[in-house]
Amino acid sequence: MANTTTVTASTPATPASTGSNVVIGKDGKPLKPCCACPETKKARDQCVFNNGEENCLDMIKAHQQCLRDLGFKI
Numbered sequence: 003m004a005n006t007t008t009v010t011a012s013t014p015a016t017p018a019s020t021g022s023n024v025v026i027g028k029d030g031k032p033l034k035p036c037c038a039c040p041e042t043k044k045a046r047d048q049c050v051f052n053n054g055e056e057n058c059l060d061m062i063k064a065h066q067q068c069l070r071d072l073g074f075k076i
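Numbering of the sequence shown is given in our numbering, commencing with residue 3 and proceeding in unit increments.
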């Protein structure tokens, strides 16, 4: 019997993680870290561009936490 993961419409922002550490997006396809958490990524990138990395640690940590919440091991 195969191991399957079902992602329902009630949890669109929370992709599932399979046993092989692959995060599955709401569309059923593997989610890449570069495409996850677009809101925190954009805010982080804009802050770093305008203010420098050392002045944006809160934004960087918020993006990292978002990725962890989705199941990425960072």
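Ideal placement from N, C-alpha and C gives every residue a C-beta, glycine not left out.
By the Cβ criterion, the stretch 54-71 is in contact with the stretch 33-43, since at least three pairs of Cβ atoms, one from each stretch, lie closer than 8 Å.
Residue state for V25 is assigned as strand, using DSSP reduced to three classes. By the beta-carbon neighbour count (other beta carbons within 10 angstroms, threshold 16), V24 is exposed. As the crow flies, the alpha-carbon of K75 is around 20 Å from that of K44. Across the structure, R46 and L59 are spaced so that their CA atoms are roughly 9 Å apart. In the DSSP secondary-structure assignment, P32 is bridged to I26.
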